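Residue numbers (this note's numbering): 2 to 374.
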Amino acid sequence: MAPPVEISIPSTTLSNTSKPYTLYNITLRLPLRTFVVQKRYSEFVQLDEILRSQTSVPPPTALPAKSWFRSTSSSPELTESRRKGLEAYLRAIAESPDRTWRETSAWRGFLNLPSSTAASYASRAQEGRGPGEGAASDPTVWLDVLREMKGLLHDARLYLGKRDGATTAQAQHEAGANAKRCLVKAGTLLASLEDGLKAISEDGKGKGGDSGWGSKPAVGEGELRRRRDLLASARVEKEGLEKLSISLAVKSQGGGASNGVGTAAATQQDKSTLFGPGVARPSGRVLGAPVPETDKTRELDNEGVLQLQKQIMRDQDLDVEELAKIVRRQKNMGIAINEELEDQIKMLERVDEDVDRVKGKIDIAKKRVGKIK
């Protein structure tokens with residue numbers, strides 16, 4: 002079962018309207034994200050009425066009573082008292098053993114919570130227990146899981162860097178095990194994200210958008226393409242890290258000493274023998290003059306640097322495509338402006354012709370007037 006949502010109302014805000022009212026800042030802590038929802042007291046009253054109507058059971062704690070003679074906008078004491086009461090009302094529902102109120106669409110819609118299936122998956126993903134049924138099919142939770150997966154890939158990269166720089170066999174083993182664990186979890190999340198994106202795409206074809214509190218938001222075709230690109234990039238990064246992990250393992254096994262001394266220690270001894278105690282050691286690879294080693298490339302082997310270079314080139318290609326789109330838009334705008342100017346010039350020419358024609362008529366009229374005189 003998914004852990005309860007942590008809810009609190011730490012503060013309030015006064016609206017910037019002609020008739021000010023108090024907004025209560027509800028902070029929600031989910032397994033993968035934290036966000037704030039602002040609600041008025043009248044919206045709490047509406048929620049309470051809907052919960053009673055849908056469940057036929059009143060919530061475990063009653064709402065603070067409405068004040069008929071004072072307003073929270075002019076009474077800090079009333080605002081604080083109502084804030085505490087509303088916080089107790091929400092926490093009583095969120096922490097109650099009875100899930101009746103939490104399973105309603107009104108509750109999820111009021112707090113902008115994902116569907117129960119997506120929330121359950123978010124908890125499973127954080128605990129590393131696999132995707133579960135209906136994994137990452139909620140568009141909002143999908144992005145949270147993506148951030149979780151990218152964080153795991155970042156951690157795996159750091160652990161592999163520690164393994165490459167470790168000076169003892171134990172440190173190498175610990176760093177390698179941590180990197181492998183992160184990569185396995187990232188692979189599980191990646192597969193779940195792919196399945197979830199397919200489900201989101203099918204939901205977008207079968208549904209016309211948001212249908213109210215608690216329903217899934219619609220995802221457009223452009224956003225779907227962006228998410229597919231993000232998955233493709235993450236997949237390439239994961240494969241590059243797996244190859245890096247394998248190459249480090251092969252290097253460790255191939256460079257071991259025959260006398261039973263740890264691989265890392267033997268490698269360090271070889272370095273000392275090669276450079277001597279008084280000779281400064283090279284700081285790292287030179288990727289190609291005048292390009293020096295950087296913090297990002299230092300933790301990678303040659304295969305990892307190649308994967309990083311390919312990723313950078315792909316990013317640059319995308320930037321060039323975006324720039325090309327902007328240039329095309331500017332070109333179209335220039336053509337449209339030129340056509341408009343040509344139309345304006347033709348109109349001015351017609352006006353000039355009309356002026357000349359009217360001037361000729363006026364001259365003729367003046368001559369006739371002169372004859373009459």
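Think of the CB as a built atom: it goes at the ideal place given N, C-alpha and C, for glycine as much as any other residue. The structure presented is a predicted model; accordingly, all values stated were derived computationally and were not measured.
Item                                                                                                                              : Value
Through-space distance from LEU147 to ILE51, alpha-carbon basis                                                                   : 34 Å
Three-state secondary structure assigned by DSSP to ARG100                                                                        : coil
Whole-angstrom C-beta distance between LEU245 and GLU304, which should lie under 8 Å                                              : 6 Å
Contacts around ALA290, its chain only, beta-carbon distance under 8 Å, and the 5 residues preceding and following it disregarded : Model confidence at ALA290 stands at a pLDDT of 41, short of 50, so the residue's coordinates are unreliable; what they give is reported in the following sentence. Closer than 8 Å at Cβ, skipping near neighbours: no residue.
Status (buried if at least 16 other CB within 10 Å, exposed otherwise) for SER9                                                   : exposed
Runs of alpha helix (DSSP H) wholly within the stretch 2 to 75 (minimum 4 residues, chain order)                                  : 42 to 56
Nearest-angstrom Cβ-Cβ length linking LEU184 and SER202, presumed shorter than 8 Å                                                : The Cβ separation is near 27 Å, so there is no contact.
Where the alpha helix (DSSP H) containing LEU342 begins and where it ends                                                         : 303 to 373
Beta-carbon proximity list for THR35, same chain, < 8 Å, skipping 5 on both sides                                                 : THR28 and LEU29
Short Cβ contact (7 Å threshold) for LEU24 with GLN39                                                                             : yes
GLY110, DSSP secondary structure in three states                                                                                  : helix
C-beta atoms of ARG158 and ALA176 nearer than 7 Å                                                                                 : no
Meets three-Cβ-pair contact criterion under 8 Å: the stretch 96 to 110 and the stretch 77 to 87                                   : no
Nonlocal neighbours in the same chain, by C-beta distance under 8 Å from ALA281, ignoring five residues either side               : For ALA281, the predicted model reports a pLDDT of 45, less than 50, meaning its position is unreliable and no value from the coordinates is stated.
Inter-residue Cα distance where the pair is ARG194 and LYS67                                                                      : The sequence given here places Leu at residue 194; Arg does not occur at that position. So the two alpha carbons sit approximately 46 Å from each other.
Cβ-based burial, ASP145 [other Cβ within 10 Å; buried from 16]                                                                    : buried
6 Å Cβ shell around ASP353 - same chain, five flanking residues per side excluded                                                 : none
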